[in-house]
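Undergrad: Per the numbering used here, residue 1055 is the first one in the first sequence, and the count goes up by one each step. Think of the CB as a built atom: it goes at the ideal place given N, C-alpha and C, for glycine as much as any other residue.
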Amino acid sequence: MNEGSAGGASRPLDFIREQVQADSAAGTFAGRVQTRFPPEPNGFLHIGHAKAVCLNFEVAAEHGGTCRLRFDDTNPEGEDVSYAQAIAEDIAWLGYEPDGPAVHASDYFEQLYGWAEHLVGEGLAYVDDQDAETVSATRGDFSTPGIDSPCRDRSVEQNLGLLRDMRAGRFDDGSRVLRAKIDMAHPNMLMRDPVMYRIRHTGHFRTGDAWCIYPTYDWAHGQSDAIEGVTHSLCSLEFDAHRQLYDWYLEHLRLPGDRPRQYEFARLNLTHTVTSKRRLSTLIDEELVDGWDDPRLPTLRGLRRRGYPPEAIRAFCAHIGVARVNGVHEIELLESFVRTHHNRHALRRMAVLRPLEVVIDNWPQGRVEHRRAVNNPEDPSAGEREVPFTGRLWIERDDFMLDPPRKFYRLAPGREVRLRAGYFLRCNDVETGSAGEVVRLRCTYDPDTGSGQAPDGRKVRATIHWVSADHAADARVALYGRLFTDPVPGADGRDPLESYNPASCELITDAKVEPALAGAGPGEVVQFERLGYFARDAEDATLFHRTVGLRDEWANIQKRRQQRS
RNA sequence: UGGCCGGUAGUUCAACUGGCAGAACGUCGGACUUUGGCUCCGGAUGUUGCAGGUUCGAGUCCUGCCCGGCCAGCCA
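1. Which complete alpha helix (DSSP H) runs does the segment 1330 to 1359 hold, if anything under 4 residues is left out?
2. Just the C-alpha distance for residue 1514 and residue 1354, rounded to the nearest angstrom, thanks.
3. Thinking C-beta only, is residue 1560 closer than 8 Å to residue 1405?
4. Taking residue 1484 and residue 1459 to be in contact with their CB atoms under 8 Å, please state how far apart those CB atoms are, rounded to whole angstroms.
5. At which residues does the alpha helix (DSSP H) containing residue 1513 begin and terminate?
6. Determine the DSSP secondary structure at residue 1558, reduced to helix, strand or coil.
7. Rounded to a whole number of angstroms, what is the C-alpha to C-alpha distance between residue 1061 and residue 1473?
8. Let me confirm a value: residue 1100 is counted as buried when at least 16 other C-beta atoms fall within 10 Å, else exposed. Which label applies?
9. With distance defined between alpha-carbon atoms, name the residue in 1282, 1516, 1494 nearest to residue 1414.
10. Please report the distance separating the alpha-carbon of residue 1066 from that of residue 1291.
11. Who does residue 1616 pair with in a DSSP beta bridge?
12. For residue 1325 and residue 1542, what's the separation of their Cα atoms in angstroms?
13. Determine which residues share a DSSP beta bridge with residue 1180 and list them.
14. What beta strand (DSSP E) runs, 3 residues minimum, are completely inside the segment 1476 to 1527?
15. Just to confirm my understanding: we take residue 1358, look at its own chain, exclude 5 residues before and 5 after, and list those with CB closer than 7 Å. What are they?
16. Touch check for the segment 1231 to 1240 and the segment 1168 to 1183: three-plus C-beta pairs under 8 Å?
17. In angstroms with no decimal places, state the Cα-to-Cα distance between residue 1068 and residue 1275.
18. Pop quiz: residue 1244 and residue 1296 are said to be a contact at Cβ under 8 Å. What is the actual Cβ separation, rounded to whole angstroms?
19. Alpha carbon to alpha carbon, how far is residue 1175 from residue 1210? Give it in angstroms, no decimals.
20. Given a cut-off of 8 Å, decide if residue 1531 and residue 1454 are closer than it, judged by their beta-carbon atoms.
21. Could you tell me which uninterrupted alpha helix (DSSP H) segments, each at least 4 residues in length, are contained entirely in the segment 1247 to 1318, listed from first to last along the chain?
22. What is the rounded straight-line gap between the Cα of residue 1546 and the Cα of residue 1256?
23. Counting along the chain, where does the beta strand (DSSP E) carrying residue 1217 start and finish?
24. From residue 1212 to residue 1173, what distance separates their C-alpha atoms?
25. Do you know whose CA, among 1598, 1349, 1321, 1609, lies nearest residue 1383's CA?
26. Let me check understanding here. Comparing Cα to Cα, which of 1610, 1113, 1285, 1269 lies closest to residue 1165?
27. Run through the DSSP bridge pairs and tell me what residue 1534 is partnered with.
28. Let me know if residue 1356 comes out buried or exposed under the rule of 16 or more other beta-carbons within 10 Å of its beta-carbon.
29. Report back the beta-carbon spacing between residue 1408 and residue 1450 to the nearest angstrom; my notes put them in contact at under 8 Å.
30. List, from N- to C-terminal side, the alpha helix (DSSP H) runs of 4 residues or more that fit wholly inside the segment 1138 to 1180.
31. So, at 7 Å on beta carbons, what are the nonlocal neighbours of residue 1342 in its own chain, with the 5 sequence-adjacent residues on each side left out?
32. Looking at the unbroken beta strand (DSSP E) that takes in residue 1121, where does it start and where does it end?
33. Helix, strand or coil: which one does DSSP assign to residue 1188?
34. Could you tell me the distance, in whole angstroms, from the CA atom of residue 1266 to the CA atom of residue 1385?
35. Whole angstroms is fine: what's the gap from residue 1462's alpha carbon to residue 1616's?
36. When you compare the segment 1248 to 1262 with the segment 1307 to 1321, are there three or more beta-carbon pairs, one atom per stretch, that lie closer than 8 Å?
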């Protein structure tokens, strides 16, 4: 698995890169390549957006071109600077730097309006007095043509006057629209006299109350691309049908440069989660998650809090490639990239999530030994640390079984294991409570095994982690599971919430962690040995979020047994 | 109901544009190992949606059908 940037040399080009390369070679745009990432500032970016971000920035970079961040702020409702800021932050976090300051569709409102008057002048646009319901009802459907609006044949002068009155604020919201005059019988519904301007007496977060008419997406997007000099306008598959309209508008205007071309690719879907804004909002509104940065969410803010490194997200996006097939990616694949990154970079630490007390009867009373442990076996330069070892330890409850089944290699009565960075430990006796529950293990250690090996050559099957009870720090650890139990929530038209997993977050409040963990920085991801990768919370030094577990062969064995029975 | 876009391993993508169907992740097995992790080695998995046709030869071209997605916002 290759981390770094997209499309290693060994990999064939995807259909978009192939197109860009062909254009570049043919000198189509004088060899220039320019893309853009055009979010609407009305929400937060999620993993699906990350795919578009990577594609746009990297395609441009591969050709020495430019990629701008453009806010598609054509609809004042719901848009806000705070979203624009958050989006810019998330892009920077992902590791991309847009060319120049962010631009806005609203920067072009005046130009767009001028072009609209031009189209009116050409007899290619008209003001329609019909209300939304009527416009919708007369559009026809897939098998019947639409009906021409009675306003369709207004004179240029009349249309110009009405359009200026619209802009001047002389009409109420919804009372009139400007429509392109194309073809009410067109097989592409989008071409049946699409709306270019609608009236909204609503303040805009950038233009304030300067405008009361706002361009629609279709009327703004291609022209914004053209104004900026975008060459390849990449968007998701659902805009496929819009391309015809995109081209129509641009063909009927005098553009400052070459006509940009739109190409569509499949949006990214992940199993066991949702990415549509509507569905994410529902989760938040119904308090099924804690907010837009809940670590269970596929939002970039959520993933960041969870401990997903931007490098892994980029490597994942590069790996999945771009095509026109609508599919669903297994979230396990994303997780494997997260593991690959952290395996190389995360420091190893010991933490016991569900503590079980071990008393070492032959340990010298009151003695504390500082054991040296490697910080990262994958990276010698990460060095070593000291871990205090004493006669009273916490070990993981899962690492002991009274009556171990076959293939359980860990501790059991009479068995010996190795303590990581410590000694061999043998369990001699088990103290149980009134209900028969295990409360304490009486053990002995072998003082000759400090090297990790026994001089007599005897082997142990397992090495387990531990924390000195006298030195352990208390911590809370949030364990996250799948947000939805169904691989594709909401498949077959069901309500996605039906498969919402109420057990998707388990908070452990009495974990015991080694002293070195006090030094973990905000947001730092470490490996709890044998357990997984955990991100220290950005604020709370005693809270850790499980980013992703390690591959767990023992868990797989148990799962298989369960499936067989 | 019409138009458009798709359909290749469990999943996501390849297949030099008509020439022996592959890779990654997952899975299974083995080696190694002071993490049941990592790393390394190996195995299995396909009626290329279906049926015809053209061709010496079809995943690729043609015809018909099936399945999935998108489109009837004054959302993007």
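TA: Inspection of the coordinates gives the following:
1. 1331 to 1339
2. 43 Å
3. no
4. The pair is not a contact, with the Cβ atoms about 17 Å apart (cut-off 8 Å).
5. Run containing residue 1513: none; DSSP gives neither H nor E here.
6. coil
7. Note on residue 1061: pLDDT 34, under 50, position unreliable in the model; the coordinate value appears next. Computed Cα separation, rounded: 43 Å.
8. buried
9. 1494
10. 21 Å
11. Residue 1616 is not bridged to any residue.
12. 5 Å
13. 1233
14. 1478 to 1486, 1492 to 1500, 1520 to 1522
15. 1147
16. yes
17. 24 Å
18. 6 Å
19. 6 Å
20. no
21. 1271 to 1282, 1297 to 1305
22. 38 Å
23. Premise fails: residue 1217 lies in the alpha helix (DSSP H), 1210 to 1222, not in any beta strand (DSSP E).
24. 14 Å
25. 1321
26. 1269
27. 1559
28. buried
29. 6 Å
30. 1163 to 1175
31. 1554
32. 1120 to 1125
33. helix
34. 44 Å
35. 15 Å
36. no
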